[in-house]
Amino acid sequence: MSAAQSAKLPRKDRSSARIWTLSAALTLGFAFAMNLIWWSMLSPAANPGVKEWVIPEGTAAAMESGGAFPFLPNAFSIPAGAKVLVVNRDVVDHQIGSQTIPARSTAALQGLADGSFSCTIHPSGALSITLNARPSIFSTIIPTLALGLPLTLMVGIAVSIVSRLDL
Numbered sequence: 003m004s005a006a007q008s009a010k011l012p013r014k015d016r017s018s019a020r021i022w023t024l025s026a027a028l029t030l031g032f033a034f035a036m037n038l039i040w041w042s043m044l045s046p047a048a049n050p051g052v053k054e055w056v057i058p059e060g061t062a063a064a065m066e067s068g069g070a071f072p073f074l075p076n077a078f079s080i081p082a083g084a085k086v087l088v089v090n091r092d093v094v095d096h097q098i099g100s101q102t103i104p105a106r107s108t109a110a111l112q113g114l115a116d117g118s119f120s121c122t123i124h125p126s127g128a129l130s131i132t133l134n135a136r137p138s139i140f141s142t143i144i145p146t147l148a149l150g151l152p153l154t155l156m157v158g159i160a161v162s163i164v165s166r167l168d169l
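Position 118 (the sequence shown) corresponds to 120 in the numbering used here; numbering is contiguous.
Here it is in structure tokens:
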């Protein structure tokens, strides 16, 4: 509403427009603040830390004999940026992706990405890795509107009713 249009409105209507504008700004601001708090609590917000995967002794022998499989699941979900240490306690070298983990040693997996990797530890020959990242800050827009718009309407109506009462 322009200043010229606002000047033509009766005083009570200008006051009502200000009330609606103020209630909209405050409630949308409140909704956005609540969604920012929610977003900041999503993982991985802190340092993703170190994840350790252990290849037990006898893994290669169990795979060759078709016996019980003593290792990790075929899929992992880890925080983005996490450092993964692979401890090979087996007597055989193993490979995950392009990295070889020598027998009875520890290796750090570098530059992990989402996807499926060749893996000599699993009978399927593949290991699936999913990196968990915090969603974009823009993911708070829809929840802000979903919370803020109905709240704005309710607050605006309540304020309009209260302002019309002769107290």
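C-beta atoms are modelled at their ideal positions from N, C-alpha and C, and glycine is treated no differently.
Local Cβ density within 10 Å of residue i, reported as buried at 16 or more and exposed below that
i	result
A129	The sequence as given places Leu at residue 129; Ala does not occur at that position. Classification of L129: buried, given that the 10 Å Cβ count is 16 or more.
L44	exposed
A33	buried
V94	buried
V164	exposed
I131	buried
T23	exposed
CA nearest to the CA of residue i, picked from the options
i	options	result
T61	H96, G31, G51	H96
A64	D92, T154, M156, A105	D92
I80	S67, W55, V89, I98	W55
L30	Q101, I98, V157, S120	V157
S42	P152, I163, F140	F140
V86	A115, I159, L167	A115
P104	I57, S162, S18, L155	I57
L133	S118, G127, S100	S118
L147	L28, R166, A135	L28
N90	L167, R136, I159, S107	S107
G127	E66, A160, E59	E66
Spatial distance of residue i from residue j (CA atoms)
i	j	result
S25	S138	28 Å
N76	H124	7 Å
A110	M36	39 Å
S120	T102	11 Å
I21	L38	25 Å
T142	K53	30 Å
I98	G113	12 Å
P152	A82	36 Å
A135	W40	15 Å
I159	G150	14 Å
G68	P145	51 Å
A19	A84	52 Å
L155	G51	45 Å
W88	L74	This sequence places Val at residue 88; Trp is not what is there. Going by the C-alpha atoms only, they are around 11 Å apart.
| Taking only runs of the beta strand (DSSP E) that begin and end inside the segment 34-91, which ones reach a length of at least 3 residues, in chain order? | Here the runs fully enclosed are 52-57, 77-81, 85-90.
| beta strand (DSSP E) segments (min. 3 residues) lying fully within the segment 118-149 | 128-134
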